[in-house]
Amino acid sequence: MLPLIAINALVVLGPSLLAVYYSFTDWNGIGTAKWIGLHNYIELAGDAEFRNALWHNILWTIFFLVVPMAMGLFGAYALTRIRRFRLLFRVAYFLPYIVASVITAAIWENLLSPDVGIGEVLHLNFLGSQTLALPTVAFVNNWAWWGFLVVVFLAAMQGVNPNLYEAAALDGAGPFRQFWSITLPSIQPTFMFLGLMTIIWSFLSFDYVYVLTQGGPAGATDVLSTLLYREAFASLRAGYASAVGMVMALISGVVVAAYLVIRKRKDWAV
Amino acid sequence: MTISRRNFLVLSGATALTPVLASCGGGSGSGGGLQYWSAFQNQQQQDYFKKERVDAFQGSAKVRLTVKPTDTIDRLTQTALAAGTGPDLVLTAGPAQVAAYADAGYLLPLEKYSQKYGWDSMLAPWALAASRVDGKLVCLPGGYETMIMIYNPATLEQHGWKVPTNRSEFEAICTEAKAKGLMPVASGNADWRPASEWWVTFALNHSAGPDAVYSALQGRTRWSDPVFADAINLLNGYYQQGWWGGSVDSYFTNTFPNLYTALASGKAVFMITGSWATSEILPYFGAAAGNDATWDWAPLFPLRDGVPAEVWDLGIGATLSVNAKSANPDAAAEYLNFLESDPKRQAQGIAEASLQPAPIQLSAADFPESVDERLVRLYTRLSNAATIGYTTWTFWPQQTDTDLYTNFDKVITGQLSTKDYLDGLDKVFQSELAAKKVPPAPAPSGPAK
């Protein structure tokens, strides 16, 4: 354990504590930092760009809690109902997840192009429009993401006692009723855990947004991580960026704490 | 020999950490010779630099070139300097970054080397002025650039247009071009969001004028002044008419390759860009692209009466400094002098690898015979510029610059009024001015040489 603890202290705990410290300074990322107390947090409270990015993160989280989770549940349940080609579909669903996000984003950027892609056919500029850009980036991210949920939900569903389905079928329950009354309650810990991780990952989301739009057009897809990146490396305001990071960590911390309370009360193993 | 469980764990930890810590080390002075980290646009440029600027150096120490990725070299250098190591020669993205490094004590003052090698008389005064922090010379410009207008002569000829020399001529062509379904100005920021500042630079220097910009950079005029509001309103109007990139939505998704292609094919008329584009466009014109398209350039024109006919917006694309922790600062300065001096070497770099030259006086005689005549014309006129303008990425402090291009996108999408945009910009600028973060700027008039 000691080597792991040492490495963790060096690359995780140390930088984390430093980030807390720097969030109370005017550090530019270079040289010494000057303590400015809560100034960064006070500025954050009145920063329209921060509010805009936070709102986009909230929309992003809602989208990923609803759309891919629903698709993942449906896809997994559908796979439990078939016997042939199950492995083929699992691989097909999972494949986009293992492709590097930069490649997936670049492919979709070309596919959606308003000059030579789907955008040209539909006369829509998906990534240039203020209203379409955020849903488009979320769609591309989801394309790569939902297959992962299928595989995890499928694994959980395969652990459900098959006798329950047989009994339900004898009682006349159809597929939807079986899903609602047997499958969902049986996989509730997995469902809740993925919901928790979805919230955390949604607030950390960066790669697809950065590759496809860099937070643009005009801030239409800015999220907290792109704002943090811009403040740290473009504006050279590492102290302020650390404060943004602290807010992100706080949100994740609250979500994890809530999950742990529920988990203890419900006595879940996951 | 036996080993206790406790000692085993401690040794295991040390073994695990060794490569981690080792990877943090190295840098200045290690391994002998001078360490130099650089990044290049392409392999041809890298090979040329290695041969003509590294291997050809016959100074008191051997130079060891390490090539870093273009998009991460700044952060790698910053991390290494913060760790007390890094290369002997420190490459930065511009004066704003230099100021931060100098404040942190990472850079060696270069005054004694300036006297030794005569940099005061060799380099353009504006470039030397921009290389000082708190009055101390801490860097030299690694290369300089300017804003120009690139066009396809065949496109102008086909439609009976001439290169515009003033606002009314420019607007007349843009109006006609738009009516014909052409893109008047090939522009977009999909590949590089900060590109918006290129056109803000154009508007500020050629509408408000370099005197007004200089005055504001000195803190004597506010950015909320009507002269700047007029400039931003004018530029925003161009966007709203679809002259910049076709439409506001298209502007955000136009990529540079598509824009260069449009210029070569005659679907776009002008491109207002930096001198770096003279190398980037080459694959899209002529034999390299399988077409017979050609390109040429012209200086930018005034957008308001009273602004000089020719204003050369100068920018420093990269700077070079000597690491304060260098084990061999004299050799590092000697190599710095090698990179900056000799007009023929600078001209050869332009001709053979499209390298940005150091800001020294260049004449046509300095260029090799094989050089592209358009580049000779550009750099000889530039080095004799009578009036200079100010590129925002060189002379604006870092946070103001970031707000300048980030929020300008909100002006063209209607989220922000020109007044709110400039008020916000001025607020940030005044705070950075008070914190002495504004890079020094030379006066606009007089020879730049």
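Quick mapping for you: the protein sequence lines, in order, are chains A and B. Positions in the first sequence are counted from 1; adding 1327 to them yields our numbering. Reminder that position 110 of the second sequence reads as 94 in our numbering, one-by-one numbering, no gaps. The beta carbon of each residue, even a glycine, is placed where N, CA and C say it ideally should be.
Cα-Cα separation, B:TRP260 to A:ALA1585 = 54 Å
task = Could you tell me which residues DSSP pairs with B:GLY373 in its beta bridges?
result = B:ASP297
query = Just curious, the beta strand (DSSP E) that B:GLU129 is in, first and last residue?
reply = 124 to 135
Contact residues within the stretch 92 to 107 of chain B, judged by C-beta distance below 8 Å to chain A = none
message = Let me make sure I understand the geometry here. Which of B:TYR244, B:ALA282 and B:PRO292 has the alpha-carbon closest to that of B:ASN275?
response = B:TYR244
key: Exposure label - B:GLY15; buried when at least 16 CB within 10 Å   = Per-residue confidence for B:GLY15 stands at a pLDDT of 49, beneath the threshold of 50, marking its modelled position as unreliable; the derived number appears in the next sentence. Per the 10 Å Cβ criterion, exposed.
query = Which residues in the same chain have their Cβ closer than 8 Å to the Cβ of A:LEU1365, if we skip the five residues on either side of it in sequence?
reply = PHE1351
request  = Give the DSSP bridge partners of B:LEU107, in chain order.
outcome  = B:ILE344
query = In three-state terms, what does DSSP make of B:ILE256?
reply = strand
task = Mind listing the chain B neighbours of A:ASN1452? Cutoff is C-beta to C-beta under 9 Å, in chain order.
result = SER231, ASP233, SER234, PHE236 and THR237
request  = Please report how far the alpha carbon of B:ALA348 lies from the alpha carbon of A:VAL1443, in whole angstroms.
outcome  = 44 Å
Neighbour-count burial assignment, A:ASN1488, 16 or more Cβ in a 10 Å radius = exposed
key: With 16 other Cβ atoms within 10 Å as the buried cut-off, status of A:ALA1336   = exposed
key: Beta-carbon contacts of A:PHE1383 that lie in its chain and below 7 Å, excluding the five residues immediately before and after   = Correcting the residue identity first, residue 1383 of chain A is His in this sequence and not Phe. Excluding positions up to five away in sequence, the list reads LEU1461, THR1548, ASP1549 and VAL1550.
request  = Reducing DSSP to helix, strand and coil, say where B:VAL47 ends up.
outcome  = strand
key: Stretch pair the stretch 270 to 284 of chain B + the stretch 63 to 70 of chain B: three plus CB contacts closer than 8 Å   = no
inquiry  = Check whether chain A comes within 8 Å of B:ALA6, counting only Cβ atoms and requiring the distance to be less than that.
reply    = In this prediction, B:ALA6 scores a pLDDT of 37, lower than 50, which makes its location untrustworthy; no coordinate-derived value is stated.
query = Is the CB-CB distance between B:THR303 and B:PRO79 below 8 Å?
reply = yes
Interfacial residues, the stretch 1344 to 1357 of chain A to chain B, with Cβ spacing under 8 Å = ASN1355, GLY1356 and ILE1357
request  = Verify whether the separation of the beta carbon atoms of B:TRP296 and B:ILE372 is less than 8 Å.
outcome  = yes
request  = Confirm, please, whether the CB-CB distance from B:PRO168 to B:TRP438 is below 8 Å.
outcome  = Within the shown structure, residues of chain B are numbered from -15 to 433, placing residue 438 of chain B beyond reach of any answer.
inquiry  = Quick check: the Cα distance between B:ALA419 and B:ALA425, rounded to an integer number of angstroms?
reply    = 16 Å
task = Using a Cβ-Cβ cut-off of less than 7 Å, list which residues of the stretch 393 to 404 of chain B approach chain A; keep chain order.
result = ASP393, LYS394, THR397 and GLN399
query = Three or more C-beta pairs closer than 8 Å, one from the stretch 1511 to 1528 of chain A and one from the stretch 1472 to 1483 of chain A: is that the case here?
reply = yes
query = How do the stretch 1558 to 1565 of chain A and the stretch 1446 to 1459 of chain A stand: do at least 3 beta-carbon pairs fall below 8 Å, yes or no?
reply = no
request  = Output the boundary residues of the alpha helix (DSSP H) element that contains B:THR76.
outcome  = Where B:THR76 is concerned, there is no enclosing alpha helix (DSSP H), although the beta strand (DSSP E) it sits in stretches over 73 to 76.
inquiry  = For a quick check, are the C-beta atoms of A:TRP1387 and A:ALA1465 less than 8 Å apart?
reply    = yes
query = What does a CB cutoff of less than 6 Å around B:GLY126 pick up in its chain, not counting 5 residues either side in sequence?
reply = ALA302, THR303 and LEU304
query = Would a check of beta-carbon distances place A:LEU1340 closer than 8 Å to chain B?
reply = no
message = Less than 8 Å between the beta carbons of A:SER1513 and A:ALA1471, yes or no?
response = no
request  = Please list the partners that A:GLY1373 has in chain B, where partner means a Cβ-to-Cβ separation under 9 Å.
outcome  = Simply none; closest approach about 12 Å.
request  = Mark A:LEU1587 as exposed unless 16 or more other C-beta atoms lie within 10 angstroms of its C-beta, in which case mark it buried.
outcome  = exposed
inquiry  = Which complete alpha helix (DSSP H) runs does the stretch 216 to 296 of chain B hold, if anything under 4 residues is left out?
reply    = 232 to 235, 240 to 249 and 261 to 264
query = chain A partners of B:THR386, CB-CB under 7 Å?
reply = ARG1557, ALA1561 and SER1562
request  = Kindly indicate which residue of A:GLY1546, A:ILE1389 and A:ILE1409 has the alpha-carbon position closest to the one of A:ILE1527.
outcome  = A:ILE1389
request  = Would you list, in sequence order, the uninterrupted alpha helix (DSSP H) runs of no fewer than 4 residues that lie entirely inside the stretch 1328 to 1412 of chain A?
outcome  = 1329 to 1335, 1341 to 1349, 1366 to 1372 and 1375 to 1407
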